[in-house]
Amino acid sequence: MPDVELFHWNPRRRRSRFLPKSVTRPVDNFGDLLGPIVVQEMLRRSGAGEAAADARLLSIGSVLHFAQPGDVVWGSGVNGKNLDHPVGCDRLDVRAVRGPRTRDVLLGSGVQVPEVYGDPGVLVGRLWSRTTLSRGRARRRLTVVPNLHDVPAHRRHPDFVDPRAPVWDVLGRIASSDMVVGSSLHGIVVAESFGIPARLVLPGAEPAFKYLDYYEGTGRTAPAFASSVEEAIEMGGEAAPVVDEALIASFPVELWR
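Each residue of the sequence shown is one higher than the last, beginning at 100 in this note's numbering.
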């Protein structure tokens, strides 16, 4: 039976250096797990059924260095840490990319790329209502969602949310917040999808590439990053994103029937 693999990044790693090397578990970073969830909801709404043919679909995440010949790309991005080897191959079926920076890198690598932008995480607020996701939760003035690598620096903040918590818990917490700040790209993306003010805090380890790619792909060419949670609160939310309707139209529903 044909199958469409929904590729996403979720390797097994040690959660603590004090554990034996053999004791590992999936990273489960909520932003990296969003891709299959968004794709499955798009399929449910389209009424699509079984896969029409074997295929592999890359969506949310900086995962293009994992691409294989023939892969379908819908909203993925280049990893800013791998700009010397940004893409796994040049024979890709690209429907949309996260932003213009990813498009420029791929064009320079010989990949044909349409001018269709957007991280599919921007659709979360259209696919699920804020009311539904926040039901049963207390309203929160602030939520701080750090990048995976910045968790130690923020874990003691009273409004901290671990990006490795269950996906629906993270989504619910964001949906019930008045403002979201932090260095998690998808903390920002999801908040903005609900119209919640959000401000990026400069990450400690991540290159700026993916953040600028996302902002520029949603119509904002000069985003301002905060240097701390306190500064982010003072600055307030970034200007609202402009979502390209072509992102929805480019969803490769024909991979299913």
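We put the beta carbon where it would ideally sit given N, CA and C, even for glycine. Treat the numbers as computed from the prediction; the structure is a model and nothing was measured.
Would you please state the rounded distance, in angstroms, between the beta carbons of residue i and residue j? I believe it to be under 8 Å.
i: residue 258; j: residue 243; result: 5 Å
i: residue 349; j: residue 237; result: Between residue 237 and residue 349 the Cβ distance is about 38 Å, and since that is not below 8 Å, they are no contact.
i: residue 223; j: residue 137; result: 7 Å
i: residue 351; j: residue 171; result: 5 Å
i: residue 159; j: residue 182; result: About 20 Å separates the two Cβ atoms, so there is no contact after all.
Inspect the beta-carbon positions of residue i and residue j and report whether they are closer than 8 Å.
i: residue 150; j: residue 354; result: yes
i: residue 252; j: residue 262; result: no
i: residue 198; j: residue 318; result: no
i: residue 331; j: residue 298; result: yes
i: residue 232; j: residue 274; result: yes
i: residue 264; j: residue 129; result: yes
i: residue 193; j: residue 213; result: yes
i: residue 135; j: residue 105; result: yes
i: residue 248; j: residue 304; result: yes
i: residue 125; j: residue 111; result: yes
i: residue 334; j: residue 321; result: no
i: residue 276; j: residue 234; result: no
i: residue 312; j: residue 200; result: yes
i: residue 260; j: residue 272; result: yes
i: residue 337; j: residue 226; result: no
Among all the DSSP beta bridges, which residues are the ones paired with residue i?
i: residue 148; result: Note: residue 148 sits in no beta bridge, so no partner.
i: residue 372; result: The shown model of the chain, from 100 to 356, leaves out residue 372, and the question about it has no answer.
i: residue 276; result: 239
i: residue 106; result: 157
i: residue 125; result: 111
Flag residue i as yes when its Cβ comes closer than 7 Å to any non-hydrogen atom of the ligand SAH, and as no otherwise.
i: residue 275; result: This structure does not include the ligand SAH; it has no bound ligands of any sort.
Do we get a CB-CB distance below 8 Å when we pair residue i with the residues of chain C?
i: residue 304; result: As a matter of chain content, chain C is missing from the structure shown, which is built from one protein chain.
Can we say the region 280-290 touches the region 217-225, given the rule of at least three CB pairs closer than 8 Å? yes
Meets three-Cβ-pair contact criterion under 8 Å: the region 202-210 and the region 162-182: Contact between the region 202-210 and the region 162-182 is established, with three or more Cβ pairs separated by less than 8 Å.
Count the CB pairs spanning the region 176-186 and the region 326-334 that are closer than 8 Å, and state whether there are at least three. With the rule of 3 Cβ pairs closer than 8 Å, the region 176-186 does not count as touching the region 326-334.
Minimum length 3: unbroken beta strand (DSSP E) runs contained in the region 152-185: The region 152-185 contains these whole beta strand (DSSP E) runs: 154-157, 171-175.
Every unbroken alpha helix (DSSP H) within the region 224-274, with a cutoff of 4 residues, ordered by chain: 229-233, 250-253, 266-274
Unbroken stretches of the alpha helix (DSSP H), 4 residues or longer, contained in the region 311-349: Listed in chain order, the complete alpha helix (DSSP H) runs (minimum 4 residues) inside the region 311-349 are 328-334, 344-348.
At 3 residues or longer, what runs of the beta strand (DSSP E) sit wholly inside the region 194-224? none
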